[in-house]
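Some notes on the structure that comes next.
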Amino acid sequence: MTNYNLWDMSVWEFFFTLTILFAAMIVANALIRGIKPLRKMLIPASVLGGFLLLIVFTVYRKVTGEAMVSSFTLEMLTYHGLGIGCTALALKGGAKEKNKHAQRDIFNSALVTTSSYCLQAFIGLAITFALALVIKSVYAPSGMLVPMGYGQGPGQAYNWGHTYEQSWGFANGTSFGLTVSSVGFIACSIGGVIFLNVMRKKGNRKATSRIGDDVVEEIKVEDFAGRNDVPMSDSLDKLTIECAVVFITYAIAFGFTFILSKLCDMSGVNLLISTVKPLLWGFNFIFAALGAVVTKKFIGGLEKKQVIKKKYINDLFMDRVSGVFFDLMIVASISAINLEAFKRPEFVLPITVTCLAAGIGTYFFVQHATKKLFPTYSEESFLVMYGMLTGVVGTGIILLRQIDPKFETPASNNVVFQTLWACLTGFPLLLLMGFVPRPGWVPIALGILLAGFLAFYLWIRLAAKKVAKDM
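Quick note on numbering: my numbering labels position 48 of the sequence shown as 39, and the sequence is numbered without any gaps.
In structure tokens:
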């Protein structure tokens, strides 16, 4: 039996870490609400909170010589925050879209997403490869982390940065990935505000002059507790049930990953062990979606057979659960960055150049693609897609609300329901992540990425012709 006292710091460490993270978000939220220029920058409170903690943690380390909180705890919150948040989103039933072109627009949104991943990866990898030819200490494959940080967000940026650091010897790889995702949030805010101001100066009536002001959500009682839902408070609280469903589903996702990982080990094939196995554990969000399918089928079967007579999954509560874990993921990921890495030119130079180039490239490409694919609501599509492709879905929604506060266009539905198609069309790129660090693969990957981007862009052009024909 392990001996410990209740006053030992190890008993309280995780609790204090969560307290610090939540407190930082509250402080950031108060600053955003109280400082008008800061509010108009459209920076989410979790992002600002992360940067505030990054400063506090750095100063504390300088003064005391030790860390205020465990970097391992912050990194695990980032990793599992992505998985649990995606699990909750995947468990949602989703409303049926009445627009007759809904499925077409959803698929076209996935085309924009995947082609943007290819563009970000090509820009990042081309720059780091070129820099590595001049500065030998630059890690050439590091540019592949750009779409993980920009396009996928902090969770995947951490997953792959950590994998490159531990499995392929990329010094400070974890901080590299997390830094890209943090800069992505800044690019999201700057690009979004620029676009909104350009719209306003052109006299576009959809662009409000009250950028950053609160939007009132219309939530009905039925959203909390429908007629067939489990009661709000019974022998188990409704939120307890919703959280239980999420965590059980995430455990199922772990089971899928664990079994496939063990099969890789049992195979004895080096490629499967060194490349595919890290890929599996990095794709926790995909296995979360698979786990959600199993859970929904199982609960649906029980409901159909009248074994259970109440609905156990509530979309509004799932939104709230995912929101909590995505906020934790963001604030933890930013505060986990190791600023010591910024003393090294081989770290700072690639970060600066790749983030700037990828941000500009994403801005203009997404603007071009959304004009062609969504001509009747191109501004809304640009804001939500650009916000997602430089941050997370939540930052895209924040930008969208500035001109479409009631989600009257299909833009919000497109970005939510395109995920499955984006996973399918973007899987080769994700698979490529595991091969790029291998010797000689960077030039090959550049060729594959360029060919992939051109192929997807051609696909977009063909899809745009169909859209124009249907108008």
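Glycine included, C-beta positions come from ideal geometry on N, C-alpha and C. All of these numbers come straight from a predicted model, not from anything done at the bench.
query	result
Three-state secondary structure (DSSP) of Asp302	It should be noted that the sequence gives Lys, not Asp, for residue 302. Three-state DSSP puts Lys302 in a strand.
Cβ shell of Ala481 (< 7 Å), same chain only, five flanking positions each side left out	Outside the displayed range of the chain (-8 to 462) lies residue 481, so it cannot be described from this structure.
Buried versus exposed call for Val236 [16 or more other C-beta atoms within 10 Å across all chains shown]	buried
Extent of the continuous alpha helix (DSSP H) run through Ile239	Lys229 to Ser258
Neighbour-count burial assignment, Ser100, 16 or more Cβ in a 10 Å radius	buried
According to DSSP, residues forming a beta bridge with Asp528	Only positions -8 to 462 of the chain appear in the structure, and residue 528 is not among them; the question remains open.
Arg196 burial status per 10 Å Cβ neighbour count (16 or more: buried)	exposed
For Gln358 and Lys457, the rounded distance between their alpha carbons	19 Å
C-beta atoms of Asn275 and Ala242 nearer than 8 Å	no
Bounding residues of the alpha helix (DSSP H) (the contiguous stretch that carries Arg191)	Gly164 to Lys192
Straight-line gap, Lys53 to Ile290 (C-alpha atoms, nearest Å)	52 Å
Own chain residues within Cβ distance below 8 Å of Val427, not counting five before or after	Leu116, Pro132, Met135, Val433 and Ala436
Identity of the residue in Ile351, Pro401 and Thr55 nearest Val375 by Cα	Pro401
Contact under 8 Å by Cβ, Met59 with Phe48	yes
Local conformation of Ser61 per DSSP, three classes	coil
Buried versus exposed, by CB contacts within 10 Å (16 or more), Trp(-2)	exposed
Neighbour-count burial assignment, Trp3, 16 or more Cβ in a 10 Å radius	exposed
Cβ-based neighbour list, Trp151, same chain, cut-off 7 Å, excluding 5 preceding and 5 following	Leu136, Met139, Gly168, Gly273 and Met424
Alpha-carbon to alpha-carbon, Leu449 and Met16	43 Å
Which listed residue (Tyr149, Asp96 and Lys27) has its alpha carbon closest to that of Met67	Tyr149
Exposure label - Asp256; buried when at least 16 CB within 10 Å	exposed
Assigned exposure category for Asn405 - 16 Cβ within 10 Å defines buried	buried
Proximity test, Trp159 beta-carbon vs the ligand FMN heavy atom, cut-off 7 Å	Ligands in the displayed structure: none, and consequently the ligand FMN is not present.
Closest Cα partner of Gly282 within the set Asn261, Leu187, Pro269 and Phe247	Phe247
Segment limits, alpha helix (DSSP H) that includes Arg52	Ala36 to Thr55
The region 300 to 311 / the region 220 to 234 touching (three or more Cβ pairs under 8 Å)	yes
Beta-carbon proximity list for Ile342, same chain, < 6 Å, skipping 5 on both sides	Thr170
Three-state secondary structure (DSSP) of Asp395	coil
Whole-Å CB distance - Gly76 paired with Ser313, under 8 Å assumed	4 Å
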